[in-house]
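Line by line, the protein sequences give chains A and B.
Numbering-wise (UniProt numbering), the first sequence opens with residue 1 and increments by one.
Numbering-wise (UniProt numbering), the second sequence opens with residue 1 and increments by one.
Protein chains: 2
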Amino acid sequence: MPAQGSWLETIAAARDDIGRHSTADRVAHLLREQITDGRLVPGQRIPEEDLGRAAKVSRNTIREAFRLLINERLLVHEFNRGVFVRRVTADGLADLYRVRRILECEGVRCAPSAPSEALARVEAAVIDGERAAAGDVWEQVGTADIRFHQALAALVGSPRVDEMTRHLLAEMRLVFHEMGSPREFHEPYLARNRRLYDLLERGDLDAAEAELRSYLDDAEAQLTKAYREQE
Amino acid sequence: MPAQGSWLETIAAARDDIGRHSTADRVAHLLREQITDGRLVPGQRIPEEDLGRAAKVSRNTIREAFRLLINERLLVHEFNRGVFVRRVTADGLADLYRVRRILECEGVRCAPSAPSEALARVEAAVIDGERAAAGDVWEQVGTADIRFHQALAALVGSPRVDEMTRHLLAEMRLVFHEMGSPREFHEPYLARNRRLYDLLERGDLDAAEAELRSYLDDAEAQLTKAYREQE
DNA sequence: AGCGTAAGGATTGTTCAACAATCCAGCAAT
DNA sequence: ATTGCTGGATTGTTGAACAATCCTTACGCT
Numbered sequence: 001m002p003a004q005g006s007w008l009e010t011i012a013a014a015r016d017d018i019g020r021h022s023t024a025d026r027v028a029h030l031l032r033e034q035i036t037d038g039r040l041v042p043g044q045r046i047p048e049e050d051l052g053r054a055a056k057v058s059r060n061t062i063r064e065a066f067r068l069l070i071n072e073r074l075l076v077h078e079f080n081r082g083v084f085v086r087r088v089t090a091d092g093l094a095d096l097y098r099v100r101r102i103l104e105c106e107g108v109r110c111a112p113s114a115p116s117e118a119l120a121r122v123e124a125a126v127i128d129g130e131r132a133a134a135g136d137v138w139e140q141v142g143t144a145d146i147r148f149h150q151a152l153a154a155l156v157g158s159p160r161v162d163e164m165t166r167h168l169l170a171e172m173r174l175v176f177h178e179m180g181s182p183r184e185f186h187e188p189y190l191a192r193n194r195r196l197y198d199l200l201e202r203g204d205l206d207a208a209e210a211e212l213r214s215y216l217d218d219a220e221a222q223l224t225k226a227y228r229e230q231e
Numbered sequence: 001m002p003a004q005g006s007w008l009e010t011i012a013a014a015r016d017d018i019g020r021h022s023t024a025d026r027v028a029h030l031l032r033e034q035i036t037d038g039r040l041v042p043g044q045r046i047p048e049e050d051l052g053r054a055a056k057v058s059r060n061t062i063r064e065a066f067r068l069l070i071n072e073r074l075l076v077h078e079f080n081r082g083v084f085v086r087r088v089t090a091d092g093l094a095d096l097y098r099v100r101r102i103l104e105c106e107g108v109r110c111a112p113s114a115p116s117e118a119l120a121r122v123e124a125a126v127i128d129g130e131r132a133a134a135g136d137v138w139e140q141v142g143t144a145d146i147r148f149h150q151a152l153a154a155l156v157g158s159p160r161v162d163e164m165t166r167h168l169l170a171e172m173r174l175v176f177h178e179m180g181s182p183r184e185f186h187e188p189y190l191a192r193n194r195r196l197y198d199l200l201e202r203g204d205l206d207a208a209e210a211e212l213r214s215y216l217d218d219a220e221a222q223l224t225k226a227y228r229e230q231e
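Here you go:
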């Protein structure tokens with residue numbers, strides 16, 4: 001039985017999510033889906049008027065939606081030229097991994113002091129990935145992988161870190177789409193996710209951090225190589 | 001003599017900063033100053049119309065300016081209620097310091113591989129603080145202190161970390177204003193900034209990180225205490 | 001007094017239409 | 001091939017309007 005009053009806090013914490021979505025929020029949500037699904041490719045321009053006509057909302061509202069996604073780093077804005085789906089450069093990729101190393105490794109180090117549900121979410125992501133792989137749904141494998149790393153960073157227990165990581169990993173999706181072939185890329189990392197989780201659960205933090213670092217190094221090297229070749 | 005073509009890169013790198021400021025950017029800049037100077041106090045509401053009349057810009061543009069500052073976490077937006085200067089809670093303060101610890105300590109660890117100019121900026125901030133203290137300009141001492149920590153995080157050499165830290169420390173300003181008496185708060189940390197820099201320059205990373213951690217622990221404890229008392 | 005309800009004004013959310021400023025592709029001229 | 005110009009398209013910004021929501025005040029009831 002929960003302590004008295006705990007449900008009040010639950011409500012207070014969730015009060016932001018009750019129907020309080022502006023039109024701009026909904027448009028942003030639609031756009032976000034189009035981007036993470038890869039239907040909008042990096043570099044592509046998104047004209048205000050076209051989108052406004054399609055979504056049946058006014059230009060001003062479209063612009064507000066743009067601002068939201070710009071701050072999530074999914075879109076970029078060039079003055080007097082419009083907004084474009086972000087194109088991640090090699091430098092950007094390096095920076096992305098630099099910050100991922102910082103946040104996710106910190107998450108690993110915080111694992112002992114993290115609540116058990118947080119660790120459970122890491123395991124859930126591992127399992128989801130394995131299940132998706134077994135079913136040959138490589139799209140979902142990618143999603144599970146992202147959730148895995150999100151859960152790692154969440155071990156820090158900081159809302160701020162959570163948000164940073166969410167944006168970080170959303171940007172990673174852009175990178176994935178820009179190089180295609182999700183299967184080849186994600187497959188080898190499935191086993192490593194599992195091993196990393198086992199180390200974590202066993203409490204062997206040093207080994208876990210080492211594994212994570214090597215994991216990130218490998219992934220970055222692989223992506224960077226593919227990037228250089230693409231040009 | 002610079003290599004041929006290098007000036008082109010210089011221009012390409014700076015092309016963002018050439019007069020390309022929208023009206024919303026300028027309004028946001030004005031507002032940001034009002035906030036960091038403490039003329040707009042945390043919790044205060046900012047009506048669109050009033051601001052629009054004062055700045056002589058339309059409501060739509062005001063709203064765009066709001067979005068910018070909302071994403072810098074200086075303002076908060078409540079649906080159908082308006083925007084307010086952010087009020088940092090005790091929880092928020094704890095999270096603020098949690099992330100500062102992560103980023104600034106990482107900066108310290110990166111010091112050896114950081115370019116010498118980056119270290120020079122740390123020293124410059126220390127000196128600025130000492131000079132301002134000597135001149136009894138405690139407002140500037142606070143500014144120098146913020147620049148010091150910004151420079152620490154910049155040792156990581158990541159644009160992303162730079163931006164996060166900028167927002168982080170801007171939010172710290174809100175905390176300072178919410179409790180007043182800058183002198184008492186900042187004075188004891190002047191000497192510690194100096195010592196931290198000396199340790200850094202000497203290359204004694206472990207001692208530097210320990211000093212920084214203790215620094216942040218003390219500051220957080222002091223602020224949290226003042227916070228609790230305020231209610 | 002305490003509580004639910006209704007009315008009203010004030011503010012925000014969103015749309016629309018217009019104009020100025022800027023960019024861009026295409027063409028003309030050298 | 002480069003430069004300069006021109007017209008069309010897109011963005012930047014404004015102002016007004018209306019709908020939706022909130023807040024305060026007043027009212028009536030127990």
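Glycine included, C-beta positions come from ideal geometry on N, C-alpha and C.
Nothing here was measured: the structure is a model prediction, and the numbers come from that model.
Among GLY180/B, ARG213/B, TYR227/B and LEU74/B, which residue has its Cα nearest to the Cα of GLN34/B?
Here the closest residue by C-alpha is LEU74/B.
Can you find at least 3 beta carbon pairs, one from the region 121 to 138 of chain A and one from the region 158 to 168 of chain A, that sit closer than 8 Å?
Taking 8 Å as the limit for Cβ pairs, the verdict is that the region 158 to 168 of chain A does not touch the region 121 to 138 of chain A.
Report the residue from GLU104/B, HIS186/B and PHE176/B whose alpha carbon sits nearest the alpha carbon of ARG213/B.
The option with the nearest alpha carbon to ARG213/B is GLU104/B.
State the Cα-Cα distance for the pair ARG194/A and GLY203/A, rounded to the nearest angstrom.
In a straight line, the C-alpha of ARG194/A is about 14 Å away from that of GLY203/A.
Buried or exposed: where does HIS21/A fall if 16 or more other Cβ atoms within 10 Å of its Cβ makes it buried?
The residue in question, HIS21/A, is exposed, as its Cβ has fewer than 16 Cβ neighbours within 10 Å.
Please classify LEU11/B as buried or exposed, where buried requires at least 16 neighbouring CB atoms within 10 angstroms.
The question names Leu, but residue 11/B is Ile in the sequence shown. Exposed, by the Cβ-count rule.
With a CB to CB cut of under 8 Å and the five nearest residues on each side skipped, what residues in its chain are close to LEU96/B?
Within the same chain, LEU96/B has close Cβ partners VAL88, LEU168, GLU171, MET172 and VAL175.
Across which residues does DSSP place VAL83/A in a beta bridge pair?
For VAL83/A, which the question treats as bridged, DSSP gives the partners ILE46/A and HIS77/A.
Determine which residues of the region 156 to 173 of chain B have a Cβ less than 9 Å from any Cβ of chain A, and write them out in chain order.
Those residues of the region 156 to 173 of chain B that come within reach of chain A (Cβ to Cβ, closer than 9 Å) are VAL156, GLY157, SER158, PRO159, ARG160, VAL161, MET164 and LEU168.
In the DSSP assignment, find the alpha helix (DSSP H) that holds LEU155/A and state where it starts and stops.
Per DSSP, LEU155/A belongs to no alpha helix (DSSP H) and is neither H nor E.
Does ARG26/A have its Cβ less than 8 Å from a Cβ in chain B?
It does not: the Cβ of ARG26/A has no partner Cβ on chain B nearer than 8 Å.
For a test of the three-state rule: what should DSSP assign to PRO115/B, helix, strand or coil?
Coil at PRO115/B, not helix or strand.
Could you list which residues in chain B have their beta carbon closer than 7 Å to that of ASN71/A, in chain order?
Residues of chain B passing the Cβ test: ASN71.
If TYR227/B sits next to LEU93/B, beta carbons under 8 Å apart, how far is it from one beta carbon to the other, in whole angstroms?
Sure, about 6 Å apart at Cβ, within 8 Å.
In angstroms, rounded to a whole number, what distance separates the CA positions of ALA208/A and PRO188/B?
When rounded, the distance between both Cα atoms is 39 Å.
Straight-line CA distance for residue 272/A to ALA221/A?
No information on residue 272/A is available, as it lies outside the stretch 1 to 231 that chain A covers here.
With a cut-off of 8 Å, do at least 3 Cβ pairs link the region 111 to 129 of chain A to the region 59 to 74 of chain A?
Cβ pair count under 8 Å is below three, so no.
Between the alpha carbons of THR224/B and LEU40/B, how many angstroms are there, rounded?
Their backbone Cα atoms lie some 22 Å apart in a straight line.
So ALA153/B and ALA125/B are in contact, right, with Cβ under 8 Å, and what is the actual spacing, rounded?
So it is not a contact: roughly 12 Å between Cβ atoms.
Which of the three DSSP states is assigned to ASP204/B in this structure?
Of the three classes helix, strand and coil, the one that applies to ASP204/B here is coil, per DSSP.
Can you name the residues of chain A whose CB is closer than 7 Å to the CB of PHE79/B?
Ordered by position in chain A, the residues that pass the 7 Å Cβ test against PHE79/B are ARG20 and SER22.
Work out the CA separation of GLU64/A and PRO27/A for me, nearest whole Å.
Checking the sequence, you will find Val at residue 27/A rather than Pro. So the alpha carbons of these two residues sit roughly 9 Å apart.
Alpha carbon to alpha carbon, what distance is there between GLU178/A and PHE66/B?
Their backbone Cα atoms lie some 33 Å apart in a straight line.
With 16 other CB atoms within 10 Å as the buried threshold, where does VAL137/A fall?
It counts as exposed.
If we define contact as Cβ-Cβ less than 8 Å, is ARG15/B a contact residue for chain A?
ARG15/B does not count as touching chain A.
Using the three-state DSSP reduction, which class does HIS167/B fall into: helix, strand or coil?
If DSSP states are grouped into helix, strand and coil, HIS167/B belongs with the helices.
With 8 Å set as the bound, which would you pick, yes or no: does the beta-carbon of ASN193/A sit closer than that to a beta-carbon of chain B?
For ASN193/A, the answer is no, since every Cβ of chain B falls outside 8 Å of its Cβ.
Could you list the residues in the region 91 to 103 of chain B with a C-beta less than 7 Å from some C-beta on chain A, going in chain order?
Those would be ASP95, ARG98, VAL99 and ILE102, in chain order.
For ARG32/B, go through chain A and note every residue whose CB falls closer than 9 Å to its CB, in chain order.
Within 9 Å Cβ-Cβ: nothing; ARG32/B doesn't reach chain A, min ~16 Å.
Just curious, the alpha helix (DSSP H) that THR23/A is in, first and last residue?
Unbroken alpha helix (DSSP H) run through THR23/A: 23 to 36.
Going along the chain, which residues of its own chain have a beta-carbon closer than 8 Å to the beta-carbon of VAL99/B, five neighbours each way excluded?
Hits under 8 Å: MET164 and LEU168.
Using 10 angstroms around the beta-carbon of ARG147/B, count the other beta-carbons present and answer buried if the total reaches 16, otherwise exposed.
By the 10 Å Cβ count, ARG147/B comes out buried.
By the criterion of Cβ-Cβ separation under 8 Å, what are the contact partners of residue 232/B in chain A?
In the structure as shown, chain B begins at 1 and stops at 231. Residue 232/B is therefore absent and cannot be evaluated.
Would you please verify whether the beta carbon of GLU106/A is less than 8 Å from any beta carbon of chain B?
So yes, GLU106/A belongs to the interface.
Using 8 Å for Cβ pairs, my map puts VAL85/B next to PRO47/B. What's the rounded Cβ distance?
Actually they do not touch by this definition, with Cβ atoms about 13 Å apart.
Using the Cβ count rule (16 or more neighbours within 10 Å means buried), how would you classify ARG183/B?
With fewer than 16 other Cβ atoms within 10 Å, it is exposed.
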